[in-house]
Amino acid sequence: MLADAVVVIHATYVVFVVFGFAAILIGVVLGWEWVRGLCFRLSHLVAIALVCLEAVLGVMCPLTTLEDSLRARAGQARYPGDFVGYWAHRLIFYSAPPWMFTALYVAFTILVAAAFWLAPPKWSRRSAHSRRRLINHNG
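Numbering (our numbering), first residue to last: -9 to 129.
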């Protein structure tokens, strides 16, 4: 059951990265202010950058490692048996050569970084005020 929970968390992470990017693109066009939030945009950029870094370095995702470990401890096969675990697993794990995933992650990271640059996040008024105070104090 814990392994299935890890798969659901892993799937949620994937959904955040993929649909978060779609939300950014749509939100910029439609003027949704929340997609320009600094916290959201930084967390999104960091989330895909971590995936990219793992792929480039050839490191297995810690969530995958944790799931495999939990399944092994429970004496289970690698793939989940219950409905939610099965479909979450099918959603995020599929078969392709490792280089293909690395290329996909690098390309997606570049797209997210480009969106970050082309449609930058907006600083909140509070953080803008703090920056002005810091600049006035130091300058």
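Think of the CB as a built atom: it goes at the ideal place given N, C-alpha and C, for glycine as much as any other residue. Predicted model only: the values in this text are computed from it and were never measured.
{"Query": "From Phe73 to Ala109, what does the alpha carbon distance come to, in whole angstroms?", "Result": "Here Phe73 scores only 47 on pLDDT, less than 50, and its place in the model should not be relied on; the value that follows carries that caveat. So the two alpha carbons sit approximately 39 Å from each other."}
{"Query": "Do the CB positions of Val96 and Ile14 come within less than 9 Å of each other?", "Result": "no"}
{"Query": "Report the rounded CA-to-CA distance for Ala105 versus Gly10, giving the unit in angstroms.", "Result": "12 Å"}
{"Query": "With Val(-2) and His34 assumed to form a contact (beta carbons below 8 Å), what rounded beta-carbon distance in angstroms separates them?", "Result": "With a Cβ gap of about 20 Å, Val(-2) and His34 do not count as contacting."}
{"Query": "Alpha carbon to alpha carbon, how far is Ser59 from Ala45?", "Result": "20 Å"}
{"Query": "Would you kindly check if the distance between the Cβ of Ala39 and the Cβ of Thr99 is under 9 Å?", "Result": "yes"}
{"Query": "Do you know whose CA, among Cys51, Ala12 and Leu28, lies nearest Trp113's CA?", "Result": "Leu28"}
{"Query": "How far does the alpha helix (DSSP H) with Gly48 in it reach, from first residue to last?", "Result": "Where Gly48 is concerned, there is no enclosing alpha helix (DSSP H), given that its DSSP letter is neither H nor E."}
{"Query": "Let me know if Ala64 comes out buried or exposed under the rule of 16 or more other beta-carbons within 10 Å of its beta-carbon.", "Result": "exposed"}
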